[in-house]
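Here is the structure we will look at, set down as structure tokens.
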Amino acid sequence: MRILKILCYFSCCYILISGNVRTETKYGFIEGFEYKSELGKKYDVYLGIPYAKPPVGELRFEKPEEPNKWNETLDTKKYGAQCLQLTREDIFLETKEDCLFLNIIQPKVDNKKLPVLVWIHGGGYSLGSSNIYDYKNLIESFASQEIIMVTLNYRLGILGFPSLGDNTMPGNYGYWDQQLALKFIYDNIGNFNGDQTKLTIFGLSAGSGSVGALSISPHSRDYIFQAIQMSGSTLSNWALGNDIVINSTKEVAYSLNCHDNIKKCLKTKTVDDFLDGIENVGSSYNDISLLKFKPTLDNDFFPKNVDKLMEESPKIPTYIGFTDQEGLFFTLLGLSKSINSIYVNETEFKDFDKDKFIEKIKKYVATKQRYDDNYINVAEEISTFYIKQAEKVEPEINYRTYLTAYTQLSSDLIISIASLWEAEMKVKYGWPVWLYYNTYFNPVQYKANLPAQGATHANEYPYMFKINIFGKFEWNDRDVLYYNNLVKSIGNFVKYGSPSTETFEWKQMSVNNNYLIMNDQPEMKINLLQKTSDFWKSLRDKYNYDIVTDTPYNYKVNDEL
């Protein structure tokens, strides 16, 4: 809840219009405003452009449809409504089902077409919107580099990612929204002085999982020139999962007295009914995979398994990586509580011992459902491995050691290993890949007594978007260096196809898993998380279950991973 309160502040900034601007789309004219930056550069800003018909009434739980043409010039000077959030506690902005809008920031540059960067927000496929990203900050970080910046909304949670696992409600409606948004951008960006052949999609967390999915789906991949994936993979256990989604959809339906012809019945319910339903059954999944509503293998958006799609897809250049303490966001900071069940309350920190660590493993990771009678042995092997890792950081065994171990385990299973394996798979299939490992953070944003610290999930937000998720802090000289390295590498990748800058050379990933340490002083290294990756592969081979992708090994994502 706290994170969304912070984000809300940025979406409510007053818009200073220095003049109206007008352009044409294939559906009609739109009118935005001109913004002049502190550096004197001018930008045309269009907010709240509808890219689809409102997904309401009979269009609820259906693929989105292109918007009807409009005759009058459409006013696009303010953000459209955000999509329905998972719970009432997550709603701080205007929220409607009619939410399929996108926003375009166009630098005023003469005589050349500009590359396009499309940001897809995260939030566990259940939270968030494009509205929280203030256009001024997007200009400062990206559009100022002569890049057209686009952000978009898509359906979330029970309205965006429900599924009954059949043809009546196969799911992935939020992904179809993203696909249609990309088509809108591809078809219309030329009227904004954009180059449709230079379209890079960019996301973090579930936004990154979305980027990975869009890059391989035959319905979307041909619109995409390049991809940037931060802290999220399509292989992650939270990014695909049929059974839990089907069960969660039915849970909500039954709580709303929809037992027969579920889809038809749910179409009659109100937004408040859905919020009541989520409140009745609970919003989070008590498991390391976290999410009740997420993408599914539907034989449509994903007509084949992920590895087969990755193998046959165009080899899209990909900038991909993660931070060194992804799990801190979930375990000790306890953010996004409506989708986060694995956190440890601050009052419980000092009582967190080895037994409690193993208890967490058995509850969220090495469950009997996954490992049958081997679950106790699996839990012991996992605890032994991560305690040894934590002892390198906290050699004096105490509660900090076990909280560090739990945080690192969560980092690896929620984000890191799946992202690494996706990068490896893409290299194997001939994709150009640039891998990074973000280690930079400013400790003043955390409480001094936080047992484990590092660059956590969404650590980039205070820098790229000026959104202080973890607490406001004053930048120092190192922060400025890190910020410049980060946004310049992204800008160069979008414009030139290489994330190297005048400050550092970033070499393309090869079989030795060479990668860039992303911080204030970047450097190249090799064999990223090799021991940890090998551990999870050996555990998978031994017990015939892949917890990273949350699939039995007989139906594994890839034979050679």
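In mature numbering (1 follows the signal peptide of the UniProt record, and there is no 0), the protein residues as written are -19 to -1, 1 to 542. Virtual Cβ for every residue (Gly too), placed ideally from N, Cα, C.
Reducing DSSP to helix, strand and coil, say where Leu542 ends up. Taking the sequence shown and counting its residues from 1, one reaches residue 542 at position 561. Any reading at Leu542 must be qualified, since the residue scores a pLDDT of 44, below 50, and its modelled position is unreliable; no value is offered.
Indicate whether the contact test is met: 3 or more Cβ pairs, each with one atom in the region 166 to 177 and one in the region 113 to 132, closer than 8 Å. With the rule of 3 Cβ pairs closer than 8 Å, the region 166 to 177 counts as touching the region 113 to 132.
DSSP puts Glu26 in a beta bridge; with which residues? The residue given as residue 26 occupies position 45 in the sequence shown. Checking the sequence shown, residue 26 turns out to be Val, not Glu. Bridge partners of Val26: Phe14, Ile86.
From Leu314 to Asn49, what does the alpha carbon distance come to, in whole angstroms? Counted from its first residue, the sequence shown places residue 314 at position 333. Counted from its first residue, the sequence shown places residue 49 at position 68. Rounded to the nearest angstrom, the gap between the Cα atoms of Leu314 and Asn49 is 45 Å.
Less than 8 Å between the beta carbons of Ser217 and Gly184, yes or no? As a working note, residue 217 is residue 236 in the sequence shown. As a working note, residue 184 is residue 203 in the sequence shown. The Cβ-Cβ distance between Ser217 and Gly184 does not fall below 8 Å.
Does the Cβ-Cβ distance between Tyr32 and Ala187 come in under 8 Å? Counted from its first residue, the sequence shown places residue 32 at position 51. Counted from its first residue, the sequence shown places residue 187 at position 206. No. Outside cutoff.
For Val233 and Ile269, believed in contact at Cβ under 8 Å, the rounded distance: For the purposes of this step, residue 269 is taken as the residue at position 288 of the sequence shown. For the purposes of this step, residue 233 is taken as the residue at position 252 of the sequence shown. The Cβ separation is near 22 Å, so there is no contact.
By Cβ distance below 6 Å, which residues in the same chain neighbour Leu394 in space, the five residues on each side in sequence not counted? Locating residue 394 in the sequence shown gives position 413, counting from the first residue. These residues qualify, in order along the chain: Ile269.
Keeping to the same chain, check which residues put their C-beta closer than 7 Å to that of Tyr167; ignore five residues upstream and five downstream. As a working mapping, residue 167 is identified with position 186 in the sequence shown. Excluding residues up to 5 positions away in sequence, Gln177, Leu180, Tyr204 lie with their Cβ nearer than 7 Å to the Cβ of Tyr167 in the same chain.
Are Trp402 and Val529 closer than 8 Å when you measure CB to CB? As a working mapping, residue 402 is identified with position 421 in the sequence shown. As a working mapping, residue 529 is identified with position 548 in the sequence shown. Closer than 8 Å, so yes.
Counting Cβ pairs closer than 8 Å, one from the region 384 to 398 and one from the region 321 to 338, do we hit at least three? Segments in contact, yes.
Is it true that the region 207 to 225 meets the region 275 to 293, where meeting means three or more beta-carbon pairs spaced less than 8 Å apart? Contact between the region 207 to 225 and the region 275 to 293 is present, because at least three Cβ pairs lie under 8 Å.
With H, G and I counted as helix, E and B as strand and the rest as coil, what does DSSP make of Gly141? Within the sequence shown, residue 141 is the residue found at index 160, counting from 1. Here Gly141 sits in helix by DSSP.
Where Asp334 and Asn379 are concerned, what is the direct C-alpha to C-alpha distance, given to the nearest angstrom? Counted from its first residue, the sequence shown places residue 334 at position 353. Counted from its first residue, the sequence shown places residue 379 at position 398. Each residue's Cα considered, the two are about 7 Å apart.
Starting from Pro35, trace the beta strand (DSSP E) in both directions and tell me its first and last residue. Position 54 of the sequence shown holds residue 35. Pro35 -> no beta strand (DSSP E), and no H or E assigned at all.
How many whole angstroms separate the CB atoms of Thr382 and Glu375, which I take to be in contact at a CB cut-off of 8 Å? Counted from its first residue, the sequence shown places residue 382 at position 401. Counted from its first residue, the sequence shown places residue 375 at position 394. A Cβ-Cβ separation of about 4 Å places Thr382 in contact with Glu375 under the 8 Å criterion.
Do Phe82 and Ile30 have their beta-carbon atoms positioned less than 8 Å apart in this structure? By one-based count along the sequence shown, residue 30 stands at place 49. By one-based count along the sequence shown, residue 82 stands at place 101. Cβ atoms of Ile30 and Phe82: closer than 8 Å.
Close beta carbons around Lys7, own chain, < 7 Å, minus the five adjacent residues each side: Here residue 7 is taken as the residue at index 26 of the sequence shown, counted from 1. Counting only Cβ-Cβ distances below 7 Å, and skipping sequence neighbours, we find Asp168, Asn169.
Tell me whether Phe255 sits in a helix, a strand or coil according to DSSP, three-state version. By 1-based counting over the sequence shown, the position of residue 255 is 274. Of the three classes helix, strand and coil, the one that applies to Phe255 here is helix, per DSSP.
Rounded to the nearest angstrom, what separates Ser229 and Ile139 at their Cα positions? Residue 229 sits at position 248 when you count from the first residue of the sequence shown. Residue 139 sits at position 158 when you count from the first residue of the sequence shown. Looking at the two C-alpha atoms, the distance is approximately 9 Å.
Ordered along the chain, which non-local residues of its own chain (more than five positions away) have a Cβ less than 7 Å from that of Glu307? Start at 1 with the first residue of the sequence shown, and residue 307 comes out as number 326. Counting only Cβ-Cβ distances below 7 Å, and skipping sequence neighbours, we find Ser212, Ser392, Ile395, Ile396, Ser397, Thr437, His438.
What is the DSSP secondary structure of Lys59, reduced to helix, strand or coil? Here residue 59 is taken as the residue at index 78 of the sequence shown, counted from 1. The answer is coil: DSSP assigns Lys59 none of H, G, I, E or B.
Closest residue to Asp460 among Gly472, Asp257, Tyr442, Tyr477 (Cα-Cα distance): Counted from its first residue, the sequence shown places residue 460 at position 479. Measuring from the Cα of Asp460, the nearest candidate turns out to be Tyr442.
Please name the residue or residues paired with Gln210 in a DSSP beta bridge. As a position in the sequence shown, residue 210 is number 229, starting the count at 1. Answer is Gly184, Ile301, bridged to Gln210.
If you drop the 5 nearest sequence neighbours on each side, which residues of the same chain put their C-beta closer than 6 Å to that of Cys246? Locating residue 246 in the sequence shown gives position 265, counting from the first residue. Its chain contains Cys239 as the residues whose beta carbon lies nearer than 6 Å to that of Cys246, once the 5 sequence neighbours on both sides are disregarded; these appear in chain order.
Cβ neighbour criterion (16 or more within 10 Å) applied to Ile507: In the sequence shown, counting from the first residue as 1, residue 507 sits at position 526. Under a 10 Å Cβ-count criterion, Ile507 is classified as exposed, with fewer than 16 other Cβ atoms of the shown protein chains found around its own Cβ.
On the CB-based measure, 16 or more other CB atoms within 10 Å of its CB, does Gly452 come out buried or exposed? Indexing the sequence shown from 1 puts residue 452 at position 471. Per the 10 Å Cβ criterion, exposed.
For Met499, the residue or residues it bridges with in DSSP: Start at 1 with the first residue of the sequence shown, and residue 499 comes out as number 518. Beta-bridge pairing links Met499 to Asn419.
Using only alpha-carbon positions, find the residue among Asp91, Asn440, Gly411 that is nearest to Val425. As a working note, residue 425 is residue 444 in the sequence shown. Ranking the options by Cα distance to Val425, first place goes to Asn440.
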